[in-house]
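This report concerns only the one structure given below.
This is how it looks when you write it as C-alpha cells:
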C-alpha cells in the first residue's frame, strides 16, 4: 500500500513537472514568435531561391542575425502551415522584427514593402518605367544602370551599362529604396543564377559574350525546350562568320520602336545592334535573362542548324540550309502552301 502511495506521489510530481515544462515551452515559444529579435534596427536583404527548403531559409536568417534560433523558427513556419506560401525573390528584413513579422515578409504580407517583378526579357528602360509607376526613382535608376563607371564598379569589366546583369525575379523592397541599392540587389540575384555556370569573381569578354547570347535567346525563344536550339543557331552562325540576323537585337537598337520592323530598319547601318548589317554579337546584352536562357548559352544543343523561323504559335522550325528556311518562311510567314 505504501509502495502504491509512493508511486502515485512520484507520478503526480512527474506529471506536475511535465505540465510546468509544457506551459514554459508554450510560453517561451509564444514569446519567441512575438518578441523583437533585437533592439537594434538594421536593414538586411536576403535572396530566397525557388524551392529553397524552410530549414535552409531558417539557417540563413539566423546567419544574417534576423532571428535568434533557426530551429524554433523552422518549427514555427511548419506549424503555421504557411511553408508553401513563402515567396522566392529578394526580401527586405529588419533585425528588430519579430519572427512573426519575418514570416509575414517571407509570404509577401508585409504592407510596408514595395513589391514588383522583373520578367525575363525586360531591359533597363522597361525596368525604369516599372519603378517609376511604383513610386521608386526610375529616372535615376535608368541613369545609374547606364553609367559605364558604375557598371565597371560592379562587374569589374568595361561594359557600357548593366544591361543583361539585372536579375529577373520578384523583389520585396523598402519604400523609397535608392536606385543604387536596387541595382545591387538585381545584380546579386543575377549572380545567383550565373554562379551555377561560371565563377563570377572576375568577368571577361568570353563570359560577357555568353550573357549577350543568353539575352538574344531570351528574346527569341518562347518555349524552354527551344532555347538550346536557338543558342546553337547563334553559335553555328558565328563560327561561319555569318550575319546573325536576330530581329530582337535590331529592335533593341531602335530608339522609339513602333512595333513594326521595316526593311528600312534592317538596312540601317547606324544601328550598332543591327545584326543584319554588322557581323558578330551586338555590343551589349539586350535584356534581363532567365536561368534557362543562361543555361542554353553555356550548354547549347549540338546541331547543324543555321536558321529558324516562327510558326506563329510560340514555336519555331529549324533548318540547316537556306532552301529549307525559305520553304518554311513561305509557309509560316507568307501564307503559301
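Residue numbers (the working numbering): 11 to 347.
Using N, Cα and C, we set each Cβ at its ideal position, and we do this for glycine too.
Assigned secondary structure, residue 330 (DSSP; H/G/I helix, E/B strand, else coil): In the chain shown, the residue the question calls residue 330 occupies position 320. Residue state, collapsed to three classes: coil.
Here's a check: name, in chain order, each residue in its chain whose Cβ is nearer than 6 angstroms to the Cβ of residue 127, leaving out the five neighbours to either side. Taking the first residue of the chain shown as 1, we reach residue 127 at position 117. Correct list, in chain order: 180.
Residue 85 lies in the alpha helix (DSSP H); which residues open and close that run? Counted from its first residue, the chain shown places residue 85 at position 75. Counting along the chain, the alpha helix (DSSP H) containing residue 85 begins and ends at 80 to 90.
Relative to the C-alpha of residue 206, which residue among 304, 166, 125, 149 is closest? Here the question's residue 206 lines up with position 196 in the chain shown. Of the candidates 304, 166, 125, 149, the one whose C-alpha sits nearest the C-alpha of residue 206 is 304.
Which residue comes first and which comes last in the beta strand (DSSP E) that contains residue 53? Counting from one through the chain shown, the residue named residue 53 turns up at place 43. Where residue 53 is concerned, the enclosing beta strand (DSSP E) stretches over 53 to 58.
Other residues of its chain near residue 169: CB distance less than 6 angstroms, five sequence neighbours each side excluded: In the chain shown, residue 169 corresponds to position 159, counting from 1. Closer than 6 angstroms at the Cβ level, and outside the excluded window around residue 169, lie 161.
On a CA-only basis, which of 159, 136, 333, 158 is nearest residue 148? Give me that one, please. Position 138 of the chain shown, counted from the start, is the residue given in the question as residue 148. If we check each option's Cα against that of residue 148, 136 comes out closest.
Exposed or buried, residue 348, counting other C-beta atoms within 10 Å across all chains shown (16 or more means buried)? Only positions 11 to 347 of the chain appear in the structure, and residue 348 is not among them; the question remains open.
C-alpha gap between residue 329 and residue 316, whole angstroms: For the purposes of this step, residue 329 is identified with residue 319 of the chain shown, where counting begins at 1. For the purposes of this step, residue 316 is identified with residue 306 of the chain shown, where counting begins at 1. Going from the Cα of residue 329 to the Cα of residue 316 covers about 6 angstroms.
If you check the beta carbons only, do residue 306 and residue 241 fall under 8 angstroms apart? Start at 1 with the first residue of the chain shown, and residue 306 comes out as number 296. Start at 1 with the first residue of the chain shown, and residue 241 comes out as number 231. In this structure, residue 241 lies closer than 8 angstroms to residue 306 by Cβ.
Give the straight-line distance between the Cα atoms of residue 118 and residue 96, rounded to the nearest whole angstrom. On the chain shown, residue 118 is found 108 positions in, with the first residue counted as 1. On the chain shown, residue 96 is found 86 positions in, with the first residue counted as 1. Distance between the alpha carbons of residue 118 and residue 96: 8 angstroms.
Output yes or no for whether 8 angstroms exceeds the beta carbon distance between residue 9 and residue 64. Outside the shown range of the chain, which is 11 to 347, sits residue 9, and nothing can be said about it.
Name, in chain order, the residues that DSSP records as bridge partners for residue 320. As a position in the chain shown, residue 320 is number 310, starting the count at 1. DSSP, once it has assigned bridges, lists 326 as partnering residue 320.
Would you list the one or two residues that DSSP bridges to residue 103? Sequence index remark: in the chain shown, residue 103 carries index 93 (1-based). Among the bridge pairs identified by DSSP, residue 103 is matched with 54.
Flag this pair as yes or no: are the beta carbons of residue 174 and residue 298 separated by less than 8 angstroms? Mapped onto the chain shown, residue 174 falls at position 164. Mapped onto the chain shown, residue 298 falls at position 288. Their beta carbons are under 8 angstroms apart, which means residue 174 touches residue 298 by this criterion.
Residue 296 to residue 134, Cα distance in whole Å? Numbered from its first residue, the chain shown carries residue 296 at position 286. Numbered from its first residue, the chain shown carries residue 134 at position 124. Near 9 angstroms, if we compare the C-alpha coordinates of residue 134 and residue 296.
Would you say residue 47 and residue 78 are within 8 angstroms of each other, going by their C-beta atoms? In the chain shown, counting from the first residue as 1, residue 47 sits at position 37. In the chain shown, counting from the first residue as 1, residue 78 sits at position 68. In this structure, residue 78 lies closer than 8 angstroms to residue 47 by Cβ.
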